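So the structure is just underneath, and the comments pick up after that.
Numbering (UniProt numbering), first residue to last: 1 to 208.
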């Protein structure tokens with residue numbers, strides 16, 4: 001699969017390592033520009049290249065991993081992401097992202113805000129519940145599903161959800177679908193029982 005990754009920090013870099021190890025081709029982008037990604041792309045090898053955000057989006061067929069801080073989402077280019085599946089790995093952190101009254105009140109979720117900003121993309125909430133060390137250490141390609149670490153998937157588009165489920169399975173995790181962006185996204189937020197806890201599928205208890 002051809003995958004764009006917007007953001008090259010801990011989560012973006014970890015996803016790039018997992019994806020290229022599994023044989024996927026990635027184009028990475030960050031706010032500093034392609035030159036800042038030279039060392040990472042060299043480490044990743046032949047399946048990776050650096051580009052601008054626009055180039056990473058254009059390269060994606062059809063999936064883009066969003067791995068920036070949540071507060072950066074207004075800078076995402078809606079036109080470049082039209083028709084893409086956008087995997088939202090972000091989490092709302094008020095001290096970092098600033099206060100968002102609609103999130104503080106519980107009227108909506110962070111992924112729904114991103115989806116509203118990208119009306120022609122299909123946003124799927126995933127890969128937001130584990131820190132990067134867990135992501136790199138706990139994937140088990142080829143292992144039985146029950147022996148894998150769970151990662152959660154929420155979204156409003158069944159075909160996009162299914163694509164992300166297949167990808168996470170390919171990377172060696174046990175995908176668990178939680179529902180829509182509104183309902184399922186809340187089950188994956190910081191402070192929930194599944195957040196930053198490496199769980200096997202049988203251990204998962206999904207409660208608000």
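Using N, Cα and C, we set each Cβ at its ideal position, and we do this for glycine too.
Since the model is a prediction, treat every value here as computed from it, not as a measurement.
Fill in: chain D contact for residue 122 (CB, 8 Å cutoff)
The chain inventory of the structure shown lacks chain D, comprising one protein chain alone.
I'd like the span of the beta strand (DSSP E) that includes residue 88, first residue to last.
85-88 is the extent of the beta strand (DSSP E) around residue 88.
Quiz item: Is the beta carbon of residue 14 within less than 7 Å of some heavy atom of the ligand COA?
Solution: Ligands in the displayed structure: none, and consequently the ligand COA is not present.
Rounded C-alpha distance that separates residue 7 from residue 203:
31 Å
Inside the region 161-187 only - alpha helix (DSSP H) runs reaching at least 4 residues | 183-187
Inset, instruction - Return the first residue and the last residue of the beta strand (DSSP E) that residue 27 is part of. - result: 25-29
Does the region 5-24 come into contact with the region 169-186, if we say contact requires no fewer than three beta-carbon pairs (one atom in each stretch) closer than 8 Å?
yes
field: 8 Å CB neighbourhood of residue 207 in its chain, flanking five on each side removed
entry: 187, 192 and 193
Checklist entry - So residue 54 packs on residue 82, CB below 8 Å; how close in whole Å? => result The Cβ separation is near 12 Å, so there is no contact.
Just the Cα atoms here: how many angstroms apart are residue 137 and residue 64? 23 Å
### Message
Suppose the cutoff is 6 Å on Cβ atoms and the five residues either side in sequence are ignored; what does the same chain contact list for residue 47 look like?
### Response
Within the same chain, 20 and 25 come within 6 Å of residue 47 by CB-CB distance, once the 5 residues on both sides are set aside.
Taking 8 Å as the cut-off, does the region 103-120 touch the region 141-150 (at least 3 CB pairs, one atom from each stretch)?
The region 141-150 is not in contact with the region 103-120.
task = Determine the direct distance from the alpha carbon of residue 149 to that of residue 176, and round the result to whole angstroms.
result = 10 Å
* For residue 107 and residue 13, the rounded distance between their alpha carbons -> 32 Å
### Query
Which residues bound the beta strand (DSSP E) around residue 37?
Here residue 37 belongs to no beta strand (DSSP E), and DSSP marks it neither H nor E.
In whole angstroms, give me the CA-to-CA distance for residue 18 and residue 66.
Residue 18 and residue 66 have their alpha carbons spaced roughly 15 Å apart.
### Message
Check this for me: beta carbons of residue 11 and residue 89, under 8 Å apart or not?
### Response
yes
Quiz item: Quick one, which of 15, 57, 59 and 62 has its alpha-carbon nearest residue 40's?
Solution: When each option's Cα is compared against that of residue 40, the closest is 15.
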